[in-house]
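Asker: Sharing a structure here in structure tokens format.
Number of protein chains: 2
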Amino acid sequence: MTGARKAAGQPDKRRAIVAGALKLFARDGYTRAALDAIAAEAGVSNRTIYNHFTDKADLFQAVIQDSTERVASTMVDIIDRHLTKVADLESDLIDFGVAWLGVLTSDLAPHFALIRQINAEQEHVPPAALQLWRRTGPQHTRHELAQRLRRIAERGDLAMDDPARAAGHLMLLISADNLADPRDLHDQRETRAMITAGVQAFLHGYARQIRR
Amino acid sequence: MTGARKAAGQPDKRRAIVAGALKLFARDGYTRAALDAIAAEAGVSNRTIYNHFTDKADLFQAVIQDSTERVASTMVDIIDRHLTKVADLESDLIDFGVAWLGVLTSDLAPHFALIRQINAEQEHVPPAALQLWRRTGPQHTRHELAQRLRRIAERGDLAMDDPARAAGHLMLLISADNLADPRDLHDQRETRAMITAGVQAFLHGYARQIRR
DNA sequence: TAGCTTCTACACCGATCGGTGTAGTTTAGC
DNA sequence: GCTAAACTACACCGATCGGTGTAGAAGCTA
């Protein structure tokens, strides 16, 4: 609700609260996560939380915003690192996919559990928070990815009508259904095989030389 | 937990309870959904629920099983209806996709909200229930779809190494990210365009004549 | 040292919820 | 029409939780 916060309280306490809240919201969901447990996790008094946030809902929204921005910037970094200078498109895309999927098992993993919670609780999450996540999260990274794909297409290695749609397809084919089922992500070989298959499915659909 | 139920109570009451519970579990999630509210939704006394189910968790598991079986059989029907006799592969796949996506907005829609809840609450759902859903739900339909794709491949219209993986890709490309974001699904033209793009991406990746 | 803000510990309120007990009413099957 | 099972209404318990009040400790600034 309140757009601009006036930085009440100690910044390090605030960070600890947000970090602890992310962990518990991600694991337990909005309703199940108790504020006392969050306070304990953050090594902070229950009362201090209300010194930084007006509400449980307010805290939730802050957690969404913080985590989304952090993850989105990581994703954009990966896009930049792998898809700016492209030598062998297929192997570069596979490397890109490996890095992309690696985020799901990194220390940023709780974020994606949080996203599942948001998707489940859509009816109870304030619409403003939902919209904020969609824009600065998946929409932003998809746009960034689409830009790179368009540039590669202009070089002649890809052919597509709608870069945004193609970017969405690539993201789907790379992450497969692992967003819904984050197990099996620890088998390196299986993960790589899955990514390779996804990239090949993507490429042979968009590569110009095999487009009919 | 208890595998075999001894059909305690009136069957129509049981059905009403399961139906009401599905609606509320889907909308509110396991924790938020109150048993009193479920009882009211089902037009049944609070106490009657405990005559049919031992627990809230027991009821939840029954709801998962019931809804999953119903939806899976619908999906298999759609596969059978559209992919048994294939004339024009691309247009048949598009029709198939339209029917497939139509389920998401049908009266079976609450099921997918329930699935989002399950995916979010994975840490708190009994593993047996999770496994049961995965097997009789997505794994089953994917296997069924893979069978059809293999048959089409044997006829020479498709080429693929791993039919199961291909089936997964097709399911992803057809439903795009609408499983996570079920809005926008009411714009007929946009939906059809999305499905068409997905099918074309799939086809040009697996069609033999354009495989390098 | 003085003064201000922040944090902590703790007790507390009101509401919600899962689950039970009970007494009485309805319904199904013989 | 009788009996037993099933259902209803209602009161109730114990636990959890969001949020507040308060009094004092800790830390920063001058």
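As given, the protein sequences belong to chains X and P, one line each in that order. Residue numbering for the first sequence follows numbering that gives the first Met the number 0, starting at 0 and increasing by one per position. Residue numbering for the second sequence follows numbering that gives the first Met the number 0, starting at 0 and increasing by one per position. Every residue gets a Cβ at the ideal spot worked out from N, C-alpha and C, and that includes glycine.
1. Can you say whether M0 (chain X) is buried or exposed, counting buried as having 16 or more other CB atoms within 10 angstroms of its CB?
2. Using alpha carbons as the reference points, say which of X:Q116, X:H168, X:E143 lies closest to V62 (chain X).
3. CA-CA distance, L92 (chain X) and A7 (chain P)?
4. Checking contacts by CB at 8 Å: is G167 (chain P) closer than that to chain X?
5. Is there a Cβ of chain P sitting closer than 8 Å to that of L171 (chain X), yes or no?
6. Would you please verify whether the beta carbon of G28 (chain P) is less than 8 Å from any beta carbon of chain X?
7. Could you pull out every residue in the same chain whose Cβ sits closer than 7 Å to the Cβ of V17 (chain P), ignoring the five residues on either side in sequence?
8. Beta carbon of L58 (chain P), beta carbon of E40 (chain P): below 8 Å?
9. Among X:I194, X:G197, X:A25, X:A192, which one has its Cα closest to the Cα of D106 (chain X)?
10. Below 7 Å CB to CB, which residues in the same chain sit around V75 (chain P) once its five sequence neighbours on both sides are set aside?
11. Output, in sequence order along the chain, the residues in the region 26-51 of chain X whose CB is closer than 8 Å to any CB in chain P.
12. Helix, strand or coil for Q138 (chain X) per DSSP?
13. Between which residues of its own chain and A175 (chain P) is the CB-CB distance below 8 Å, once the five residues before and five after are set aside?
14. Any contact of the region 117-131 of chain X with the region 117-129 of chain P, i.e. 3+ C-beta pairs under 8 Å?
15. Quick one: what does DSSP say P212 (chain X) is sitting in, helix, strand or coil?
16. Here's a check: name, in chain order, each residue in its chain whose Cβ is nearer than 8 Å to the Cβ of S44 (chain X), leaving out the five neighbours to either side.
17. For P10 (chain P), count neighbouring C-beta atoms within 10 Å of its own C-beta (all shown protein chains included) and say buried if the count is 16 or more, exposed if not.
18. Can you tell me whether R188 (chain X) is buried or exposed, with buried defined as 16 or more other CB within 10 angstroms of its CB?
19. What residue from P:A165, P:Q199, P:D156 has the CA that sits closest to A86 (chain P)'s CA?
20. Cβ of A175 (chain P) less than 8 Å from any chain X Cβ?
21. Around the C-beta of P126 (chain P), are 16 or more other C-beta atoms found within 10 angstroms, so that it is buried, or is it exposed?
22. In chain order, what residues of the region 97-121 of chain P put their CB closer than 7 Å to some CB of chain X?
23. Apart from the five residues just before and just after T47 (chain P), which ones in its own chain have a Cβ nearer than 8 Å to its Cβ?
24. Using CA coordinates, which residue listed in X:R31, X:L21, X:F201, X:V70 is at the minimum distance from T135 (chain X)?
25. In its own chain, which residues sit with a C-beta less than 6 Å from the C-beta of A166 (chain X), not counting the 5 before and 5 after it?
26. Can you pull the chain X residues whose beta carbon is under 7 Å from the beta carbon of R164 (chain P), in chain order?
27. Out of P:R14, P:Q199, P:L202, P:G28, which one is the CA nearest neighbour of Q112 (chain P)?
28. Measure the C-alpha to C-alpha separation of A108 (chain X) and E89 (chain P) and round it to an integer number of angstroms.
29. Buried or exposed, going by whether 16 or more other CB atoms sit within 10 Å of the CB of H185 (chain P)?
30. With H, G and I counted as helix, E and B as strand and the rest as coil, what does DSSP make of P10 (chain P)?
31. Please list, in chain order, all residues of the same chain as A36 (chain P) whose beta carbon is under 7 Å from its beta carbon, the five residues on each side excluded.
32. Since A18 (chain X) meets chain P, which of its residues come closer than 9 Å, beta carbon to beta carbon?
Answerer: According to the data block:
1. Residue placement at M0 (chain X) is flagged as unreliable, the pLDDT there being 35, under the threshold of 50; a coordinate-derived value is accordingly withheld.
2. X:Q116
3. 57 Å
4. yes
5. yes
6. yes
7. A61, V62, D65
8. no
9. X:A25
10. T140, E143
11. R26, D27, G28, T30, R31
12. helix
13. M193, G197
14. yes
15. Any question about residue 212 (chain X) goes unanswered here, given that chain X covers just 0 to 211.
16. A38
17. exposed
18. exposed
19. P:D156
20. yes
21. exposed
22. R115, Q116, N118, A119, E120
23. G8, K12, I16, A38
24. X:V70
25. R141, L144, A145, L148
26. A196
27. The sequence shown places Ala at residue 112 (chain P), not Gln. Checked all of P:R14, P:Q199, P:L202, P:G28; the closest Cα to A112 (chain P) is P:G28.
28. 38 Å
29. exposed
30. helix
31. L23
32. Here the premise fails: no neighbours, minimum Cβ distance about 19 Å.
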